[in-house]
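The opening position of the sequence shown corresponds to residue 1 in the UniProt record's numbering, with each subsequent residue numbered one higher.
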Amino acid sequence: MPSALPSPRFDHFYRYDELTALLFAYAEARPNLVSVRPIGKSYEGRDIWVVVVTNLASGMDIDKPAMWIDGNIHAAELTASTTCLYYLHQVLSLHGGTSPEAQQINRLLDTRTLYIVPRLNPDGAELALADRPRHIRSSTRPYPYTEEPVDGLTVEDIDGDGRILTMRVPDPHGGYKKHPADPRLMVAREPGEQGGEYYRLIPEGFIKQHDGLTVKVNGDREGLDLNRNFPGEWRQEFQQQGAGPFPTSEPEVRAMVEFITSHPNIGAAISYHTHSGVILRPCGTRSDKDMATDDLRLFQQFSALGEKHSGYPAISIYEDFRYDPKDVISGTQDWVYEHLGALFWVVELWSPKKEAGVADAGGWIDWYRDHPVEDDLKLLRWSDEHCGGQAHVAWTPFQHPQLGAVEIGGWDKMNYWRNPPPALREREAARFPAWMTQIAMSLPRLELIRTEVRALGPDMWRVRLAVANAGYLPASVTQRALERKTVRGVMFELHLPSGDPAISLVSGKERMEGPHLDGHAPKQSQLAFLANKQPTGDRAVAEWVVRAPVGTRLALSASAERAGVVRTEVVLD
1 MPSALPSPRF DHFYRYDELT ALLFAYAEAR PNLVSVRPIG KSYEGRDIWV
51 VVVTNLASGM DIDKPAMWID GNIHAAELTA STTCLYYLHQ VLSLHGGTSP
101 EAQQINRLLD TRTLYIVPRL NPDGAELALA DRPRHIRSST RPYPYTEEPV
151 DGLTVEDIDG DGRILTMRVP DPHGGYKKHP ADPRLMVARE PGEQGGEYYR
201 LIPEGFIKQH DGLTVKVNGD REGLDLNRNF PGEWRQEFQQ QGAGPFPTSE
251 PEVRAMVEFI TSHPNIGAAI SYHTHSGVIL RPCGTRSDKD MATDDLRLFQ
301 QFSALGEKHS GYPAISIYED FRYDPKDVIS GTQDWVYEHL GALFWVVELW
351 SPKKEAGVAD AGGWIDWYRD HPVEDDLKLL RWSDEHCGGQ AHVAWTPFQH
401 PQLGAVEIGG WDKMNYWRNP PPALREREAA RFPAWMTQIA MSLPRLELIR
451 TEVRALGPDM WRVRLAVANA GYLPASVTQR ALERKTVRGV MFELHLPSGD
501 PAISLVSGKE RMEGPHLDGH APKQSQLAFL ANKQPTGDRA VAEWVVRAPV
551 GTRLALSASA ERAGVVRTEV VLD
């Protein structure tokens, strides 16, 4: 009997040692389904764990089509780890059951592989979860310079409450004032407004070499953004901040790139981030009109399924989610899709705006530049009614060693913006398992149709091997993969016994490349005027003529990088 599965808490963010112990507990409870492997080490030397999930009774992980799922590449985006853990737990909890949902999971693990990396950036997450946290973007490696700043304000928790908030300082030249209906809320001064009580808002932190007048807020000493360090459309620091000195310079990114390139069975991937409550699809650096038409339709189709399952809208990164109209955002998507031709999505978990009833008018990015004060009031009510007044923290007096008397309070962006409050974390994670399973089950999968042996003479035989792609998607997955030549057609092999002069290959090749196989996705509707010219484009046949004695056993195989491997044997009789 298998041992009981662990019982994780989805309202709790796990520290590294806790997370490691939990992952290995899953492997111990289900050794036939789960293994935990290091894919590399972080900057500080922590192992980066991948959880390999597949039914070993039906084949090795590398022999099956696979899906990659990762989270927490950005330090404080901890709900991403929770979402990966939630899916892992659900899959293992359902496996072996008889309900329709469980039977789907049984088929999933019999025929596919999941590679799950709950925390790609363990160092940054540890810093975010420290007793006195700092919320950096990604890696803890100092970049682009190693020395600490000699002056200026470093953003950090200074009152020891475990939160990084805002300091408000009375100042007649300040740009903010208290809202007349709710003085907790700070709102901008009107153009030309004079004669009121005004404040300057400064991030929480201590100041080095303060001159009594000016405050310069330092950028994080750890200035890397690991999501900008991938090879796809990589650009230098002056064009893309945090990209590192060269592509895959950072060990966390290099570990992911090396793992995926050494596992060509990966045909789809999802990377979990926070926050916005949106599903982002490629491309990041070019418009929809510049994408291969078939790929665009494929992304739109599967993104719509994501909307249906999760309730999150799905949009294009380039068309709808750029930080500036003139800016382009490269990242994981521009490597996984653009270079490798695999499907890829970024999911930005959690939307406090949606929770508070704030409409998405004004765009996904522009809202953060400017929005009506009524939106702030709605968010403040949400904080009071659903977060115990902790999403927006009451202003508390503090004697700052450089600034004197200040108040600390305002929005707790780490715990209520970057991540949901504890009670809502599981709900957000639970939106995505059905979509992930549907994507994985749509991946191409090679299946044996039949083998044939026909005698052509007393020791001459014609051997045929026929296979088909039983998956929805083509064996290449995307048109981009064909353009980039990252996949081959189905590869057939005849494995002849060695050292027997009575056995030889008369015609055919021991290894030969067949066609790229379609999936069973329809290319057009039944009302299209022209007929599909390849109605059996999902099938391929290889043929050999062999000279061998009666009773000889021959091993045959067929493989496609993203569709798996088929192995069989025939007897010449």
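Just so it is clear, CB atoms sit at the ideal spot from N, CA and C, and this is done for glycine as well.
| field | Start-end ranges of the beta strand (DSSP E) lying completely within the stretch 288 to 374, minimum 3 residues | value | DSSP runs (the beta strand (DSSP E)) wholly in the stretch 288 to 374: 314 to 316, 343 to 349.
| task | Locate the alpha helix (DSSP H) running through residue 122, then write down its first and last residues. | result | As a first step, residue 122 must be located in the sequence shown, where it is residue number 122. Taken as a continuous stretch (DSSP letters only), the alpha helix (DSSP H) holding residue 122 covers 122 to 128.
| request: Please report the residue range of the alpha helix (DSSP H) in which residue 510 lies. | output: In the sequence shown, counting from the first residue as 1, residue 510 sits at position 510. Counting along the chain, residue 510 falls outside any alpha helix (DSSP H), and DSSP gives it neither H nor E.
| Count the other CB atoms within 10 Å of the CB of residue 103; is the residue buried (16 or more) or exposed (fewer)? | The sequence position of residue 103 within the sequence shown is 103, counting from 1. Label assigned to residue 103: exposed.
| message | If distances are taken between C-alpha atoms only, which option among 518, 544, 546 comes closest to residue 533? | response | In the sequence shown, the residue the question calls residue 533 occupies position 533. Closest in C-alpha terms to residue 533, from the list 518, 544, 546, comes 518.
| Can you list, in chain order, the residues of its chain whose CB lies under 8 angstroms from that of residue 37, leaving out five sequence neighbours each side? | As a first step, residue 37 must be located in the sequence shown, where it is residue number 37. 49, 50, 52, listed in sequence order.
| message | For residue 281 and residue 320, I'd like the C-alpha separation in whole angstroms. | response | Residue 281 sits at position 281 when you count from the first residue of the sequence shown. Residue 320 sits at position 320 when you count from the first residue of the sequence shown. Taking the straight line from one Cα to the other gives about 10 angstroms.
| task | Give every residue of the same chain whose Cβ lies closer than 7 angstroms to the Cβ of residue 540, excluding the five residues on either side of it in the sequence, and list them in chain order. | result | Taking the first residue of the sequence shown as 1, we reach residue 540 at position 540. Here the set comprises 467, 490, 514, 515, 517.
| query | What span of residues does the beta strand (DSSP E) with residue 494 cover, start to end? | reply | Residue mapping note: residue 494 aligns to position 494 of the sequence shown, counting from 1. The continuous beta strand (DSSP E) containing residue 494 extends over residues 491 to 495.
| residue 26, DSSP secondary structure in three states | For the purposes of this step, residue 26 is taken as the residue at position 26 of the sequence shown. For residue 26, the secondary structure class from DSSP, reduced to helix, strand or coil, is helix.
| query | Would DSSP call residue 477 helix, strand or coil? | reply | As a first step, residue 477 is located in the sequence shown; it is residue number 477 there, counting from the start. Coil at residue 477, not helix or strand.
| request: Could you say which of 57, 29, 66, 13 lies nearest to residue 445 if we only look at CA atoms? | output: Sequence index remark: in the sequence shown, residue 445 carries index 445 (1-based). Nearest C-alpha to residue 445: 66.
| field | Closest residue to residue 126 among 139, 114, 85 (Cα-Cα distance) | value | For the purposes of this step, residue 126 is taken as the residue at position 126 of the sequence shown. If we check each option's Cα against that of residue 126, 139 comes out closest.
| query | With 16 other CB atoms within 10 Å as the buried threshold, where does residue 15 fall? | reply | For the purposes of this step, residue 15 is taken as the residue at position 15 of the sequence shown. That one is exposed.
| CB residue 547 to CB residue 504, shorter than 8 angstroms? | Here residue 547 is taken as the residue at index 547 of the sequence shown, counted from 1. Here residue 504 is taken as the residue at index 504 of the sequence shown, counted from 1. Yes, the pair counts as a contact, with Cβ atoms nearer than the cut-off.
| query | Quick one, are the C-beta atoms of residue 433 and residue 350 less than 8 angstroms apart? | reply | Working through the sequence shown from its first residue, we reach residue 433 at position 433. Working through the sequence shown from its first residue, we reach residue 350 at position 350. No, the Cβ-Cβ distance between residue 433 and residue 350 is not below 8 angstroms.
| task | Classify residue 170 as helix, strand or coil using the three-state DSSP reduction. | result | Mapped onto the sequence shown, residue 170 falls at position 170. Looking at residue 170 - three-state DSSP - the assignment turns out to be strand.
| Could you give the residue range of the alpha helix (DSSP H) that holds residue 78? | For the purposes of this step, residue 78 is identified with residue 78 of the sequence shown, where counting begins at 1. Residue 78 -> no alpha helix (DSSP H), and no H or E assigned at all.
| said: To the nearest angstrom, how far is the alpha carbon of residue 309 from that of residue 437? | reply: Indexing the sequence shown from 1 puts residue 309 at position 309. Indexing the sequence shown from 1 puts residue 437 at position 437. If you take the alpha carbons of residue 309 and residue 437, they lie about 11 angstroms apart.
| What is the C-beta distance between residue 56 and residue 182, in whole angstroms, given that I count them as a contact (C-beta under 8 angstroms)? | If you number the sequence shown from 1, residue 56 lands on position 56. If you number the sequence shown from 1, residue 182 lands on position 182. The pair is not a contact, with the Cβ atoms about 59 angstroms apart (cut-off 8 angstroms).
| task | Could you say if the stretch 259 to 266 and the stretch 291 to 299 meet the contact criterion of at least three C-beta pairs nearer than 8 angstroms? | result | no
| query | In the structure shown, what three-state DSSP assignment does residue 392 receive? | reply | Indexing the sequence shown from 1 puts residue 392 at position 392. Strand, per DSSP.
| query | For residue 8, which residues of its own chain have a beta-carbon under 7 angstroms away from its beta-carbon, when the five flanking residues on both sides are left out? | reply | To locate residue 8, count along the sequence shown from 1; it is residue 8. Around residue 8: 22, 85, 89.
| Tell me the DSSP bridge mates of residue 177? | Within the sequence shown, numbered from 1, the residue matching residue 177 stands at position 177. The partner list for residue 177 (beta bridge, DSSP) reads 187.
| 8 angstroms Cβ cutoff met for residue 379 and residue 352 | Position 379 of the sequence shown, counted from the start, is the residue given in the question as residue 379. Position 352 of the sequence shown, counted from the start, is the residue given in the question as residue 352. For residue 379 and residue 352, yes; Cβs fall inside 8 angstroms.
| request: Could you round the C-beta distance between residue 278 and residue 315 to whole angstroms and report it? I think they count as a contact, below 8 angstroms. | output: As a first step, residue 278 must be located in the sequence shown, where it is residue number 278. As a first step, residue 315 must be located in the sequence shown, where it is residue number 315. That pair is a contact at about 6 angstroms.
| task | Run the CB neighbour count on residue 54, radius 10 Å, all protein chains shown included, and call it buried at 16 or more, exposed below. | result | Within the sequence shown, residue 54 is the residue found at index 54, counting from 1. Buried.
| request: Specify the secondary structure class of residue 224 as computed by DSSP and reduced to three states. | output: Within the sequence shown, the letter at position 224 stands for residue 224. Of the three classes helix, strand and coil, the one that applies to residue 224 here is coil, per DSSP.
| task | Since I believe residue 284 is in contact with residue 249 (beta carbons under 8 angstroms), could you give me their beta-carbon distance rounded to a whole number of angstroms? | result | If you number the sequence shown from 1, residue 249 lands on position 249. If you number the sequence shown from 1, residue 284 lands on position 284. Contact flag wrong, Cβ pair sits at about 20 angstroms.
| said: When you compare the stretch 223 to 232 with the stretch 194 to 205, are there three or more beta-carbon pairs, one atom per stretch, that lie closer than 8 angstroms? | reply: At 8 angstroms Cβ cutoff, the stretches do not touch.
| field | Cα-Cα separation between residue 366 and residue 439, rounded to whole angstroms | value | To locate residue 366, count along the sequence shown from 1; it is residue 366. To locate residue 439, count along the sequence shown from 1; it is residue 439. Distance between the alpha carbons of residue 366 and residue 439: 31 angstroms.
| task | Quick one: give me the first and last residue of the beta strand (DSSP E) that residue 451 is part of. | result | Residue numbering aside, residue 451 sits at position 451 when the sequence shown is read from its first letter. Here the beta strand (DSSP E) through residue 451 covers 446 to 457.
| query | Straight-line CA distance for residue 64 to residue 542? | reply | Taking the first residue of the sequence shown as 1, we reach residue 64 at position 64. Taking the first residue of the sequence shown as 1, we reach residue 542 at position 542. C-alpha separation (whole angstroms): 21 angstroms.
| said: For residue 372 and residue 364, I'd like the C-alpha separation in whole angstroms. | reply: The residue given as residue 372 occupies position 372 in the sequence shown. The residue given as residue 364 occupies position 364 in the sequence shown. Going from the Cα of residue 372 to the Cα of residue 364 covers about 15 angstroms.
| task | Go ahead and label residue 112 buried or exposed: buried means 16 or more other beta carbons lie within 10 angstroms of its beta carbon, across all protein chains shown. | result | For this step, residue 112 is matched to residue 112 along the sequence shown. Burial call: buried.
| Is residue 524 buried or exposed, if buried means 16 or more other CB atoms sit within 10 Å of its CB? | The sequence position of residue 524 within the sequence shown is 524, counting from 1. Classification for residue 524: exposed.
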